[in-house]
Every structure is written in C-alpha cells, then in structure tokens.
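Worksheet: one structure, shown below.
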Amino acid sequence: MYAVIETGGKQYRATPGETIEIETLNGEVGAEVEFNRVLAVVDAGEVKAGSSVDGHTVKGTITSHGRGEKTIVFKFKRKKQYRRTIGHRQNFTRVKVNEIVG
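Heads up, the sequence shown is in the working numbering, so the first residue is 371 and it goes up one at a time.
In structure tokens:
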C-alpha cells in the first residue's frame, strides 16, 4: 500500500515505514506531521484517485532536518571574459511515514 502526496509544490510516494526527504517543514525533530493533500492511494493493485481519496491523510514523524548535495551553477559568456561559479544546497526535512488513514 502506498499513497501519492503533495507538499511543497512537489509530489512524493509515501509507503508506511519508509523515510522520505521532502521540502523543509516547520517543526521540531520528533514532531508529528499530517499530510492532507493526498492525490492517489494504491492498495493491492486497486487505484483510488480524485474524489475517492477525499478524507485520506498520511501521518508521519519528523526524523531530521538537513541540506542536500552541493550543486554547482556555472555561468559563462565566451569572448567577454565573463565567468561566475555559484554553489547551491537545498534544505530538506526527513519524514518517517507512519500510516495512511482513510
């Protein structure tokens, strides 16, 4: 059984017992979180989507906050002596999915 949830403008596949990395959430480590924006639920090959998943929620626990791998952004214009190198690290929150309710 798994559910597709939306949080932070992105979609994630949430399976009970798994840990997922999502966009940063406000909250302390160990706090309970609830995702109400469930897009689909798949249970034993049966797919529920749209209005049939109204009322479903995914509950989880925040396990940690962190920062991802560094991404290098390099800008270059030839013959103009223009070069810029910038690094970026995206913040994330690790959430352990406890259950899918509904």
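Every residue, glycine too, gets a C-beta built ideally from N, C-alpha and C.
Every value quoted in this text rests on a predicted model; they were computed, and no experiment measured them.
Exposure label - residue i; buried when at least 16 CB within 10 Å
i      : result
Tyr452 : exposed
Ile442 : exposed
Ile352 : The structure shown does not extend to residue 352, since the chain is modelled only from 371 through 472, so no value can be given for it.
Gly430 : buried
Val417 : exposed
Val403 : buried
Nearest residue (CA-CA) to residue i, options the options
i      : options                        : result
Gly415 : Arg464, Thr427, Tyr372, Ile442 : Tyr372
Gly436 : Ile375, Asn396, Lys449, Arg383 : Asn396
Asn468 : Lys380, Thr385, Gly379, Ile375 : Thr385
His458 : Lys440, Glu402, Lys418         : Lys440
Ser422 : Gly379, Arg407, Ala401, Thr389 : Arg407
Lys380 : Lys449, Leu409, Lys447         : Leu409
Gly438 : Thr389, Glu388, Gln460         : Gln460
Cβ pair residue i, residue j closer than 8 angstroms
i      : j      : result
Thr377 : Glu398 : no
Phe462 : Val428 : no
Val374 : His426 : no
Cut-off 6 angstroms between Cβ atoms - residues of its own chain near residue i, not counting five sequence neighbours on either side
i      : result
Glu391 : Phe462, Arg464
Arg454 : Lys445
Val412 : Tyr372
Thr433 : Arg464, Lys466
Collapsed DSSP secondary structure at residue i in the structure displayed
i      : result
Val423 : helix
Arg459 : coil
Asn468 : strand
Close Cβ partners of residue i (< 8 angstroms) along its chain, the five nearest in sequence each way excluded
i      : result
Ala401 : Thr431, Ile432
Other residues of its chain near residue i: CB distance less than 7 angstroms, five sequence neighbours each side excluded
i      : result
Lys447 : none
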